[in-house]
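Have a look at the structure below, then the notes.
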Amino acid sequence: MGIHRPRPLGRSQRRQPRRRHGRLLRLARFPRRCRLRSRRRRRPRRLGRALARPQPRSRGDLAVIPRRLRLRNFLSYRDCELDFSPLHLATLAGKNGDGKSALLDAITWALWGEARGRVEDDRIRHGADDMRVELDFEVDSDRYRVLRKRTRGRSGALDFFQVDSQGGLRPITGGTSRETQTELNRRVHMDHQTFINSVFLVQGRSNEFTTQTPSKRKEVLRKVLGLDRYEELSRHANDRRRTAEADAAIEERLIGDDEERLAEAPAVGEKLEAVACERKDVRFRLEAAETEAEELRLAAAEHQRRERAVADAGDHLASRDEAVERRTEAIAGLERDLETVRERLAHAPRVEEAYEQLQQARDEERAFADLASEARGLEDAIATAESEIAQERRGLQTTIGGLSEQHERALALVATLPALREEESGLDRERARLNQLDADIQGERDAATEAQRLQAERSHEAGGYKARAQDLKDREATLAGAEGEPLCPGCRKPLTPDELHATVQQYKEERRHLGDQYKKAQAAVDEAKAAAARHQGRAADLQRERTDLDGRVRSCAQALAGHLTEAGNAEAALPDLAARLAALSQTVETDAFAPEARERRSAACDHLSALGYDRERHAASRQQIAELQPAEGDYNALTEAKARAEGLGDRIAEAREELRRENEERTEAREALAEARAELDASQDVSARLAAVEDAVAECRDRLTTLDKEHGRLEERRDALQELAARVEEAKDRLAAARDAAQLHEDLAKAFGRDGVQAMLIEQSLPELERITNGLLDQLTEGRGRTQVSLRTQRESASGKPVETLDINISDDL
């Protein structure tokens with residue numbers, strides 16, 4: 052899209068072409084880069100020649116084609132929708148202020164959030180709170196929709212969608228507005244600065260490109276030609292070059308470290324050979340020591356067997372000596388027992404007589420014990436009967452005490468009846484006061500409701516005055532801000548200045564009158580509001596008074612009802628209480644209670660008197676049993692002695708036979724011990740030599756284990772160094788490849804850089820740009836002059852060296 056105002060460039064600013072109301076709007080595409088060739092098409096001379104109709108796009112020649120534009124509250128537009136689909140070339144024509152530039156500003160604001168004016172809220176239509184612009188466009192056969200909106204006093208919002216073939220929307224909005232704008236710039240292939248310096252001539256800034264510095268003009272030309280891709284390729288090449296150089300540095304450092312470790316390879320080989328020789332010698336010495344140790348173990352085992360035989364023979368002899376000693380002691384003990392039994396048998400008549408006396412005393416004590424048990428039962432029955440009598444007496448006395456307290460309390464309650472009836476009359480008067488308070492509260496609430504109704508009516512009336520005044524104020528603002536000739540708000544006819552002034556004065560007079568009416572209505576609202584508050588406050592005070600009085604009445608009525616009921620019951624029960632109290636007192640005084648218990652006590656006393664139990668004789672029997680108690684032990688010992696006396700003789704004879712046999716076994720054990728000691732003296736003790744040889748074997752094994760580990764470690768180290776050497780060779784190959792890659796990408800970065808392909812493409816495009824520009828200038832001057840533009844990319848500096856630039860030279864010969 053481009054907006055072209057016929058205006059000469061360069062120094063010839065004195066003669067400017069006639070200002071036209073028309074604008075040329077090209078709806079074909081936003082070119083990503085200038086085309087080096089174009090096909091001319093004839094257009095009316097008055098509008099000049101438009102840009103060439105777009106040719107089929109080659110690879111990388113992308114265009115932005117607007118399809119539909121929707122506006123709401125943007126600048127002077129309230130709600131508008133434009134469909135560009137059937138159009139290829141269009142002209143926007145109209146008077147100043149009709150909104151031609153506003154449509155172009157809506158497109159630029161939708162795409163980049165930029166438009167005329169620095170304050171965002173100034174773009175919102177007067178009287179509205181938000182604005183919204185929605186643009187549908189195509190890029191390389193892909194259709195998109197961008198929606199930008201803003202609310203007054205707040206930040207805006209940006210939404211970006213891709214439209215599929217069925218008309219569905221796929222969101223491609225970023226996480227923030229900045230991310231969404233970056234994605235939008237990528238899809239349309241330019242930012243706002245490139246747009247206003249190449250495709251779109253902003254109103255009043257048609258020389259935007261020419262007033263830029265040479266470096267900025269060259270940057271714009273680079274973006275228009277689509278050379279950003281080459282810049283990106285150059286950056287990628289530099290990134291890969293740096294990566295390759297970093298890889299090369301890493302490989303070089305690793306190779307150096309590995310070669311330092313490879314320097315120890317000869318020493319490792321020498322150590323491995325020395326360890327192998329020592330390990331062979333140690334194995335030979337170990338075999339000899341193990342053979343000698345096996346022979347010494349056999350000799351030591353035989354010597355130990357003979358030592359164990361001597362020890363066993365000694366143990367056997369000791370056990371025989373112990374057996375003979377034990378048997379001798381046993382025979383002496385049997386003989387002592389036989390003598391003791393004979394002594395006990397000599398006292399048999401005296402022991403038997405004492406035992407007979409003990410049995411007689413026990414029989415007598417059992418008879419007395421039976422009588423004592425029966426006497427204790429009778430005594431317990433007497434005690435139980437007396438306990439029941441005493442318990443019955445205590446129960447009657449407790450009942451009499453309770454009845455006395457009830458009688459006294461009933462008398463006191465009957466005495467309070469006159470005062471309670473007087474209090475009941477007072478409660479009736481309080482209830483009448485409650486009814487009067489209810490009537491007063493309802494009256495205050497009705498008055499408050501009426502005041503609130505009046506307040507609502509006056510408030511609604513005041514709102515009507517305010518709305519009518521605001522409508523008149525909006526009409527004044529519309530008439531004051533109208534562009535061109537104002538129209539009458541009622542009949543929509545043009546107004547003369549006098550009519551406009553009269554209309555405005557009429558609106559002001561009506562607004563003053565409405566203001567007076569509004570103040571009166573507002574005063575009535577305030578008065579009704581105050582009256583409602585007073586009535587509500589009075590009703591609240593009365594309600595609190597009623598609540599307190601009702602609580603007191605309820606509490607007193609409840610307590611009074613209970614007291615009256617209690618006093619009445621006491622008055623009715625008073626005669627019965629007096630009769631019961633007199634009857635119970637007579638029963639206690641005459642002992643006319645517990646007759647059954649009294650009969651049981653009398654019967655038990657009579658039976659105990661007839662039983663004839665003598666406690667002193669019972670105690671004497673127990674004393675006699677205690678004195679004769681040892682006779683039972685003597686009698687048992689006498690019985691046992693009689694039984695033992697029969698077998699002690701036989702046992703003594705058997706023990707003496709066993710002693711003879713054990714003496715013979717002890718003699719044989721002494722002979723076996725002497726024979727074992729002779730065999731032990733004939734053998735040699737080799738334990739010291741065996742210990743020394745085993746120490747030598749252990750030392751050889753430990754050393755062999757150490758050597759095996761060292762040999763394995765050296766072999767692993769040798770293998771690791773061999774693998775390391777192979778890796779060093781591979782690393783050298785990678786180092787060479789990384790250096791080649793770094794050099795290659797360095798060359799590519801220069802080739803794709805600004806001094807390479809980009810400079811070449813700019814040089815190739817300048818002649819075609821000069822030809823097209825000069826042709827357009829010739830058409831704009833309608834052949835009445837000769838204005839030529841030439842572009843130069845190099846100039847000499849003060850020192851005579853060439854400097855990269857982009858100068859625009861304009862020659863004007865009209």
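Numbering (the numbering used here), first residue to last: 52 to 865.
Just so you know, even glycine gets a beta-carbon here, dropped at the ideal spot from N, CA and C.
Going by DSSP in three states, residue i sits in which element: helix, strand or coil?
{"i": "valine 115", "result": "strand"}
{"i": "proline 853", "result": "strand"}
{"i": "serine 228", "result": "helix"}
{"i": "arginine 205", "result": "coil"}
{"i": "glutamate 867", "result": "Nothing about residue 867 can be read from this structure; the chain reaches only from 52 to 865."}
{"i": "cysteine 607", "result": "helix"}
{"i": "arginine 167", "result": "coil"}
{"i": "serine 862", "result": "strand"}
{"i": "glutamine 680", "result": "coil"}
{"i": "glutamine 809", "result": "helix"}
{"i": "proline 537", "result": "coil"}
{"i": "leucine 278", "result": "coil"}
{"i": "glutamate 132", "result": "strand"}
{"i": "threonine 159", "result": "helix"}
{"i": "glutamine 503", "result": "helix"}
{"i": "valine 239", "result": "helix"}
{"i": "threonine 690", "result": "helix"}
{"i": "glutamate 833", "result": "coil"}
{"i": "threonine 844", "result": "strand"}
{"i": "glycine 532", "result": "coil"}
{"i": "lysine 146", "result": "coil"}
{"i": "glutamine 217", "result": "coil"}
{"i": "aspartate 665", "result": "coil"}
{"i": "threonine 554", "result": "helix"}
{"i": "serine 653", "result": "helix"}
{"i": "serine 734", "result": "coil"}
{"i": "threonine 598", "result": "helix"}
How far does the alpha helix (DSSP H) with residue i in it reach, from first residue to last?
{"i": "threonine 450", "result": "399 to 466"}
{"i": "glutamate 868", "result": "The question about residue 868 has no answer, for the chain in this structure spans 52 to 865."}
{"i": "leucine 942", "result": "Residue 942 is absent from the structure shown; the chain starts at 52 and stops at 865."}
{"i": "leucine 546", "result": "That residue, leucine 546, is in no alpha helix (DSSP H); it is neither H nor E in DSSP."}
DSSP has residue i in a bridge; who is on the other side?
{"i": "isoleucine 175", "result": "Phe125"}
{"i": "phenylalanine 211", "result": "Val197"}
{"i": "glutamine 839", "result": "Ser862"}
{"i": "proline 222", "result": "Phe212"}
{"i": "leucine 120", "result": "Leu133 and Leu186"}
Could you spell out where the beta strand (DSSP E) holding residue i opens and where it closes?
{"i": "tyrosine 195", "result": "193 to 202"}
{"i": "aspartate 181", "result": "181 to 190"}
{"i": "threonine 641", "result": "From DSSP, threonine 641 is part of no beta strand (DSSP E); its letter is neither H nor E."}
For chain D, check one thing: does any of its Cβ atoms lie closer than 8 Å to the Cβ of residue i?
{"i": "isoleucine 223", "result": "Any reference to chain D falls outside this structure, which holds one protein chain only."}
- Query: Do the segment 756 to 764 and the segment 364 to 373 meet, that is, are 3 or more Cβ pairs less than 8 Å apart?
  - Reply: no
- Item | Contact the segment 132 to 152 vs the segment 207 to 217: 3+ CB pairs below 8 Å | no
- Do the segment 169 to 187 and the segment 121 to 139 touch if we need at least three Cβ pairs shorter than 8 Å? yes
- Query: So, do the segment 320 to 336 and the segment 797 to 809 have three or more beta carbon pairs nearer to each other than 8 Å?
  - Reply: no
- Does the segment 614 to 629 touch the segment 466 to 477, meaning 3 or more C-beta pairs lie closer than 8 Å? yes
- Message: Would you call the segment 689 to 708 in contact with the segment 342 to 355, where contact means no fewer than 3 C-beta pairs closer than 8 Å?
- Response: no
- Message: With three or more C-beta pairs closer than 8 Å as the rule, is the segment 424 to 433 touching the segment 654 to 666?
- Response: yes
- Message: For the segment 583 to 603 against the segment 441 to 449, do three or more pairs of beta-carbon atoms, one drawn from each stretch, fall closer than 8 Å, so that the two count as touching?
- Response: no
- Message: Would the segment 589 to 605 count as touching the segment 513 to 530 if we require 3 or more Cβ pairs under 8 Å?
- Response: no
- Message: For the segment 709 to 718 against the segment 410 to 420, do three or more pairs of beta-carbon atoms, one drawn from each stretch, fall closer than 8 Å, so that the two count as touching?
- Response: no
- Are three or more beta carbon pairs between the segment 479 to 488 and the segment 544 to 562 nearer than 8 Å? no
- Query: Below 8 Å, can you find three or more Cβ-Cβ pairs linking the segment 474 to 482 to the segment 568 to 582?
  - Reply: no
- Query: Would you say the segment 490 to 504 touches the segment 635 to 647, given that touching needs at least three Cβ pairs under 8 Å?
  - Reply: no
- Message: Three Cβ pairs or more, each shorter than 8 Å: is that satisfied between the segment 307 to 319 and the segment 764 to 780?
- Response: yes
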